[in-house]
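Working notes, beginning with the structure itself.
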Amino acid sequence: MGDNKVEKNVESRTDDAFVTEGAPVQSPAEQASATAPKPEAPTAQDAKPEAEAAKAPEAGQKDGGKHPSTMTMRIVSGAIYAIGTVACLFLGTWPTAILIAVMAFLCCSEFLKMSRRSGRMPNDVIALAFAVIFPFAPLSNISDSEFFVIFALLVVCALWYVSTPRANMGDVALTVFGPIYTSLAFSSIVIIRDAFPGWRGALLTFAVMGSIWLSDSCAYFVGSKLGKHKLAPRISPNKSVEGFWGGMVGSVAVWAVVFALGIYNINLPYAIACGVLVDAAAVAGDLFESRIKRGVGVKDSGNLMPGHGGMLDRSDSLLFGGMTAFLLLRLGGIL
């Protein structure tokens, strides 16, 4: 071959490094960069979390923690619940009792499920049976029939405890407490409805339930907009003192309307007192159920009502608030 033809693949030593003739000579820095390990391209599995993380801020800006679809489901399910309840109230005492019995059954069932998460084994058959019985007791011709049902519950639980070696006192206590908490308290709605015939009883019962519903709504919206001071941070971090006062205003407003109607024997100071005490009891009922859920590590008692959780989540305020309203109406001579 001629001298002017030099093979490009002949290697020569230059500065203690082998280079290929015909190729540009790399500096030490460039060589280090070339030999450094290159970062691996993200796989599809790695890209998925990154994509989800990128979407998270957008979703948070869209709903602020309250996605529009969730709020829509909450409003729709709440409206169905309210319309069905009001319809039963105006249809009569027996439809009201049937509705309350169904709701009490669902509440008691959710309570028993949460109890099992704490390691207890209550008797579901006994508890649920009495949860259905309690709302119908006020409609019997027996005076103070609720006490007879309570005694029957105690006797049945005692017989079950004696005949079941595996049962312990905690199981018995929850079997008794479950229907009393979720159903006996609920039966106060039936008693109020049965106190006045026709639309007067329906309207008063609706006012009692409506004061608790409006209290919940006012507390929610006032707390969302103005809430700065936590009411019970360890039990229910989302509740605020501002929301509590907003809810109380809503409850008192409904009871003021009850006074203004002039069809019930109630004066304005007593109506205001009823609004304040019923609201306070409703909040206590809400916090009590929140404490139960936190104790067993669940967010909701169930998923029956979209946007609300379970039936017990929707009724926790009504259990204590309704019973308080019944006692106040009885003490005030209105019932």
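Everything in the sequence shown is counted per the working numbering, starting at 1259 for the first residue and increasing by one.
Built from N, CA and C at the ideal position, the CB exists for glycine as well.
Computed from a predicted structure; not experimentally measured.
Pair within 7 Å by beta-carbon distance, Ile-1449 and Phe-1363 = No, Cβ-Cβ distance for Ile-1449 and Phe-1363 is not below 7 Å.
ask   = Taking Cβ positions, are Leu-1562 and Gly-1568 nearer each other than 7 Å?
value = yes
request  = Flag this pair as touching only if the segment 1417 to 1426 and the segment 1355 to 1374 have three or more C-beta atom pairs under 8 Å; answer yes or no.
outcome  = no
key: Phe-1409 burial status per 10 Å Cβ neighbour count (16 or more: buried)   = exposed
ask   = How many Å lie between Lys-1551 and Thr-1343 at the Cα?
value = 26 Å
task = Buried or exposed for Met-1329, please, with buried defined as at least 16 other CB atoms from any protein chain shown within 10 angstroms of its CB.
result = exposed
task = Taking Ala-1490 as part of the beta strand (DSSP E), name the residues at either end of that continuous run.
result = That run of the beta strand (DSSP E) goes 1488 to 1490.
Bridge partner(s) assigned by DSSP for Met-1563 = Gly-1567
query = Taking the continuous beta strand (DSSP E) assigned at Ser-1498, which residues delimit it?
reply = 1494 to 1498
key: Nearest-angstrom beta carbon gap, Leu-1586 and Met-1467 [assumed within contact, 8 Å]   = Not quite, the Cβ-Cβ distance comes to about 15 Å (not below 8 Å), so this is no contact.
message = The alpha helix (DSSP H) that contains Tyr-1419, what's its start and end?
response = 1403 to 1421
ask   = Do you know how far the Cα of Ile-1592 is from the Cα of Trp-1457?
value = Those two C-alpha atoms are separated by around 16 Å.
Test item: CB-CB of Gly-1508 and Cys-1476 under 7 Å = yes
request  = Would you grab the beta carbon distance between Thr-1582 and Asp-1452 for me? Rounded to a whole angstrom, and I think it's under 8 Å.
outcome  = 18 Å between Cβ atoms; not a contact.
task = Going by CA-CA distance only, name the one from Leu-1349, Cys-1415 and Pro-1527 that's closest to Gly-1590.
result = Pro-1527
ask   = Taking the C-alpha atoms as reference points, what is the distance between His-1487 and Gly-1505?
value = 15 Å
request  = Can you have a look at Asn-1381 and say buried or exposed, based on whether 16 or more other CB atoms are within 10 angstroms of its CB?
outcome  = Asn-1381 should be labelled buried.
inquiry  = Out of Gly-1579, Phe-1578 and Gly-1560, which one is the CA nearest neighbour of Leu-1570?
reply    = Gly-1560
inquiry  = Between which two residues does the alpha helix (DSSP H) holding Arg-1458 run?
reply    = 1456 to 1484
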